[in-house]
Amino acid sequence: MHKLLVLYPHPTDPEAFKAHYEGTHLPLAAKLPGMLDHRYTFEVHAEPESPYFALFEADFPDAATMAAALASPEGQAVQADVPNYATGGAVVLDYPVLTR
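If you want it as structure tokens, here you go:
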């Protein structure tokens, strides 16, 4: 399995971020081809304070499927939408899931 993780620093308008994210961005992300599952939260905690406001996590069977999804028209639409709500930017990570 391969994970995509997007960390969102605090936006200038948290309520506008949430409204756009849930109403527009997540429906776009749900259309990513080959994605097995996804989840998100606006409750990112760390001590003493989290630098992140929200996170998104998606599961893909492998890195090639994830890369193809991000390069697809659906993936391009998702990426093009980010500046519409993420005024704090976004940190995008991906990694293979290792198990014992």
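Residue numbers (this note's numbering): 9 to 108.
We put the beta carbon where it would ideally sit given N, CA and C, even for glycine.
Quick caveat: nothing in here was measured; it's all calculated off a predicted structure.
Tyr29 burial status per 10 Å Cβ neighbour count (16 or more: buried): Walking along the sequence shown from the start, residue 29 turns up at place 21. Around the beta carbon of Tyr29, a 10 Å sphere encloses 16 or more other beta carbons of the protein chains shown; the residue is thus reported as buried.
Classify Leu101 as helix, strand or coil using the three-state DSSP reduction. Indexing the sequence shown from 1 puts residue 101 at position 93. Leu101 falls in the strand class under three-state DSSP.
Using a Cβ-Cβ cut-off of 8 Å, state whether Tyr29 counts as contacting chain D. Here there is only one protein chain, and chain D is not present.
Shortest alpha-carbon distance to Pro59 belongs to which of Leu15, Ala85, Pro104, Lys11? Reading the sequence shown from its first residue, position 51 is the one you call residue 59. Comparing alpha-carbon positions, the option among Leu15, Ala85, Pro104, Lys11 lying closest to Pro59 turns out to be Leu15.
Residues bridged to Ala66 by DSSP? Against the sequence shown, residue 66 aligns to sequence position 58. Ala66 is bridged to Leu12, His46.
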